[in-house]
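Each remark here refers to the structure printed beneath this line.
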Amino acid sequence: MSHKENTAEVESSNMTGTEDPTNDEMLVQTDVSDGLSASTSVSETTNAETIIRADDINVWYGDEQALQNISMEIPENSVTAMIGPSGCGKSTFLRCINRMNDLIDVARVEGELTLRGKNVYDDDVDPVALRRRVGMVFQKPNPFPKSIYENVVYGLKIQGIEGDYDEIVEESLKRAALWDEVKDRLHESGLDLSGGQQQRLCIARAIATDPEVLLMDEPASALDPVATSQIEDLVEELAEDYTVVIVTHNMQQAARISDKTAVFLTGGELVEFDDTQKIFENPESQRVEDYITGKFG
Amino acid sequence: MATQSDTDQIQGFGQVSRTTGVIFRYLLMGATMFGIVTLAILLVYVANDAIQPLTADAGWYLVFFVTFVAPTTLVGAYLYRTNVDALKLGLLVVGMLAVTLMFSGGVAIVFVDIVPPLVSLSYAIGLLVPFAAVVLMTKYEDAIPFTARVAATGAIFFLSLFGIPGYYHSIPEMVQKIPVVPTEWVIITLVFGGVVAVVVGQYFARIRENTRAGVVAGVAALAATGAAAVSGMFTGVNPTALAVVAAGAFVPTAAYAGGAALTREEERIGLLLAAVVIGGSLVGAGIVDVLGFAGPQSWVDWQFLTSSHSGTAENAGLYPAIGGSILLMVTVAALSFPLGVGAAVYLEEYAPDNVFTRFIDVNISNLAGVPSVVYGLLGLGVFVTYLGQPTGTVLIGGATLALLILPIVIISSREAIRSVPQDMRQASYGMGATRWQTVKNVVLPEAFPGILTGTILALGRAIGETAPLIMIGAPNVLFNLPTELSSKVSAMPLQVYAWSSLFASEDFYTKAVPAGVVVLLAVLLAMNSVAIVLRNKFESES
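Right under this line is the structure:
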């Protein structure tokens, strides 16, 4: 895939633009993401499988604490689900990973969150460069009021990625399982699509730039059951190439598609984080069991 | 028996008094109608004075009733009952023709009496060259450093427009020195008509999905413009003006109507209304001319629109004031649009929420309410007294009016920017866009229709202002059109004011003043209707 190499170049130049020695590690690991030198990664990171590591993350919105001492390790090329009742902070945690919380004036983040060993909250990390490596799909489908084609190439254009756009558009839409439905009307507005199609367009838009991690914030909550199951199938397929972190309200959805599950409960604490099977069959904590069996929440 | 007693009980519920509510409702309705009705009565009164409909022959009315009013009413009623969308299309075409006629008439004034076509052509070429160079540079954006590009852009524009004194002439100068200079109407037909022809051609190529159709339409458009200009040489009307009006009004309206006929099968019957309105009025005019029925002795006539002030109300005209208003509008738009939109983007997208920005917020709202005479004083103080500019020029007047409407432009632009959904910004930032990229690619394109609407409405406010112009010393009477930014300027409301104060007499009160007011209101209504049509169009699209 030709644009993949270009992506890596752009990313690495963005992330190491300051010539800071601590960023050398990032360069090596960017190569790892392309599978070029997988053997070096073992010595560089404590756990080769971990791509995102949160260490004691606390988030405040003004005076209100939204997350309390969150620590977890998210493995590469897998689906990690975050479940929990409304207002428990699961979306907030998701937005910590690509620093979307920076856009909220009153939000304050403490703690360490590393992406491939580099703390994304270090002073020398440019949040814009970070977001180019961490794609995001939002709760409400939000295509731009442009053509389907322009929606998919938006990220390529703003990130200055060159390549055969037609080919990238076709490939991204195919991976987002939307190509067959829209191939004859690529130049019509993205807003003319149905809700489920719009959300798949947003996924195509996010993967067109080939990010390392894909964050999904309740991507199916605004969709009907058919569209939801399409999105679920898609997430499972995407996990072969990407690390997917998905927030969901729907426990069955988490059980169906995720490899690991994090259960957040009210007050912004992470109660349990383990293999999905273990969480749903034999949770350690009574509170998690109560939540999963529907006794509250 | 049981049902009987049930109904008895229901009848026994009684009535709840609504008298207070009904009175309140009609009071509110009265309050709503009071202002509108009063203004309508005034306008009818003024229009009656200006147009004098009662002076026309009965035959004149009869002819126009038969050829124009009756068919239009019939077709309109038929469309209203069968196909409202078609009726809307027909009204839009008629309105488009009226508004474009008015505006292209204004543009014709500019080309005939203010900026000679050769000069505008030479400056158009002088601007085209550096624009082409800039477009070329953006192709190699990555190869040239940003600062070098900025410097090169500035240099190219300066060299092209001003040249190096003594060594090298600017491009506009060189164009004007070309020995073979085509006549003015040829220039207008080729440049103005050419641009319109390209747009029309692309429009038809798109809707027919056929390049040949586009070429045919474009050539037809250009030919129509040329034919209009040539016909002027035989009829004695200024060919340059005819070329402008053809390219600015007839060709676009015909192209829109033709495009609608081709693409909107269900609504194309509405074009019948446009045909009846235009055909009926032409036929009526012809018959009246042949039979010799006299029309109303309207004071708003060709003479009024094309001559300057005179000692007698019968010979007085609005021409220099119309030209002055056009130049003022161009200056105001050029100054207030970038400043206002820039401020709005800063306040909405960049400014942090702190005491300082809230202070600015409140004060912009207050500035919008400051009386216009105060802005006139500001203009006088800043531009004339402090900067030592001559009084009453186009530039000073435009700058003062721009200051006056700046708060309105800022407020309406902020409103438009705020109405762009937050989801769009989130999506853009989530893709790794910088703030600048988000503003440029997502926020501004979405907000643009709203910004444009707000700016047009604000310009409508500026065009009706008198007090600031009096304050900065604009002359009450002007016999020639202003030809450059530093010439003295008059404006339509100022001329009306002068007639009603300095030349106050029964004659001016009943003839020139109403006529001037009617022209001013017609221009205002045209601008506002453009703004409303734009807003409705873009609202229904998104």
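Residue numbers (my numbering), protein chains in the order written: chain A, 663 to 959; chain B, 697 to 1238. All C-beta atoms in this analysis are idealised placements derived from N, C-alpha and C, irrespective of residue type, glycine included. Treat the numbers as computed from the prediction; the structure is a model and nothing was measured.
According to the neighbour-count rule (16 or more other Cβ atoms, all chains shown, within 10 Å of its Cβ), is residue i buried or exposed?
i: residue 738(B); result: exposed
i: residue 1197(B); result: exposed
i: residue 826(B); result: buried
i: residue 849(A); result: exposed
i: residue 1213(B); result: buried
i: residue 1032(B); result: buried
i: residue 956(A); result: exposed
i: residue 824(B); result: exposed
i: residue 1091(B); result: buried
i: residue 1233(B); result: exposed
i: residue 927(B); result: exposed
i: residue 694(A); result: Note that residue 694(A) scores a pLDDT of 36, beneath 50, so its modelled location is shaky; the value from the coordinates is reported in the next line. Per the 10 Å Cβ criterion, buried.
i: residue 770(B); result: exposed
i: residue 828(B); result: exposed
i: residue 900(A); result: buried
i: residue 836(B); result: exposed
i: residue 783(B); result: buried
i: residue 873(B); result: exposed
i: residue 709(A); result: At residue 709(A) the pLDDT is 42, less than 50, meaning the model places this residue with poor confidence; the figure from the coordinates comes in the next sentence. So residue 709(A) counts as exposed.
i: residue 907(B); result: exposed
Using C-beta distances below 6 Å, list every residue in its chain close to residue i, excluding the 5 sequence neighbours before and after it, in chain order.
i: residue 716(A); result: 732, 733, 734, 775
i: residue 1104(B); result: 1064, 1154
i: residue 875(A); result: 796, 905
i: residue 918(B); result: 889, 893
i: residue 834(A); result: 814, 866, 869, 870
i: residue 977(B); result: 764
i: residue 1222(B); result: 795, 798
Which bits of chain B does residue i rub up against, with CB to CB less than 8 Å?
i: residue 800(A); result: 1119, 1122, 1123, 1126
i: residue 862(A); result: Correct list: empty, because the minimum Cβ distance to chain B is about 14 Å.
If you drop the 5 nearest sequence neighbours on each side, which residues of the same chain put their C-beta closer than 8 Å to that of residue i?
i: residue 759(B); result: 980, 983, 984, 987, 989
i: residue 1225(B); result: 791, 795
i: residue 883(A); result: 801, 910, 911, 912
i: residue 1177(B); result: 805, 809, 810, 1015, 1016, 1019, 1020
i: residue 949(A); result: 927, 933
i: residue 697(A); result: With a pLDDT of 37 at residue 697(A), under the threshold of 50, the predicted position of this residue should be treated as unreliable, though the coordinate-derived value follows. Excluding residues within five positions, none has a Cβ falling inside 8 Å.
So which residues on chain A does residue i lean against when the C-beta distance must stay under 8 Å?
i: residue 1142(B); result: 807
i: residue 1232(B); result: Here the premise fails: no neighbours, minimum Cβ distance about 17 Å.
i: residue 898(B); result: Within 8 Å Cβ-Cβ: nothing; residue 898(B) doesn't reach chain A, min ~15 Å.
i: residue 1138(B); result: 806
List the residues of chain B whose Cβ lies closer than 7 Å to the Cβ of residue i, in chain order.
i: residue 721(A); result: In chain order: nothing, as chain B lies at least about 18 Å away.
i: residue 790(A); result: 1128, 1130
Run through chain B and tell me which residues come within less than 9 Å of residue i, C-beta to C-beta.
i: residue 909(A); result: Those do not exist, as residue 909(A) stays about 14 Å from chain B at its closest Cβ, beyond 9 Å.
i: residue 793(A); result: 1125, 1126, 1127, 1128, 1129
Can you pull the chain A residues whose beta carbon is under 7 Å from the beta carbon of residue i, in chain order?
i: residue 906(B); result: The premise fails here: residue 906(B) is roughly 17 Å from chain A at the closest Cβ pair, so nothing lies under 7 Å.
i: residue 1085(B); result: Going along chain A, no residue has its Cβ under 7 Å from residue 1085(B), so there is no contact; the nearest lies around 44 Å.
i: residue 1133(B); result: 820
Take residue i and list the residues in its own chain whose beta-carbon comes closer than 7 Å to its own, dropping the five residues that flank it on each side.
i: residue 1021(B); result: 1159, 1187, 1188
i: residue 857(A); result: 803, 884, 885, 889
i: residue 1094(B); result: 1024, 1027, 1028, 1031
i: residue 1211(B); result: 746, 995, 996, 1000
Interface residues of the stretch 790-818 of chain B facing chain A [CB-CB below 7 Å]: none
Contact list for the stretch 1038-1060 of chain B against chain A, Cβ threshold 9 Å: 1048, 1049
Residues of the stretch 805-820 of chain A with Cβ closer than 7 Å to any Cβ of chain B, in chain order: 806, 807, 816, 817, 820
Against chain B: residues of the stretch 751-780 of chain A by CB proximity under 8 Å: Taking a C-beta cut-off of 8 Å against chain B, the contacting residues of the stretch 751-780 of chain A are 760, 762, 765, 767, listed in chain order.
Runs of alpha helix (DSSP H) lying entirely within the stretch 1063-1087 of chain B, each at least 4 residues, in chain order: Qualifying alpha helix (DSSP H) stretches, in chain order: 1068-1075.
Selection of the stretch 739-771 of chain B by Cβ proximity to chain A, strictly under 9 Å: Result list empty, no residue passes.
Every unbroken alpha helix (DSSP H) within the stretch 891-950 of chain A, with a cutoff of 4 residues, ordered by chain: 913-919, 938-943
Contiguous alpha helix (DSSP H) assignments of at least 4 residues, all confined to the stretch 1099-1142 of chain B: 1118-1126, 1131-1134
Any beta strand (DSSP E) of 3 or more consecutive residues that is wholly inside the stretch 1007-1038 of chain B: Within the stretch 1007-1038 of chain B, no complete beta strand (DSSP E) run reaches 3 residues.
Every unbroken alpha helix (DSSP H) inside the stretch 811-880 of chain B [4 residues or more]: 813-835, 842-858, 867-873
Every unbroken alpha helix (DSSP H) inside the stretch 723-769 of chain B [4 residues or more]: Those alpha helix (DSSP H) runs which fall completely within the stretch 723-769 of chain B and span 4+ residues are 754-760.
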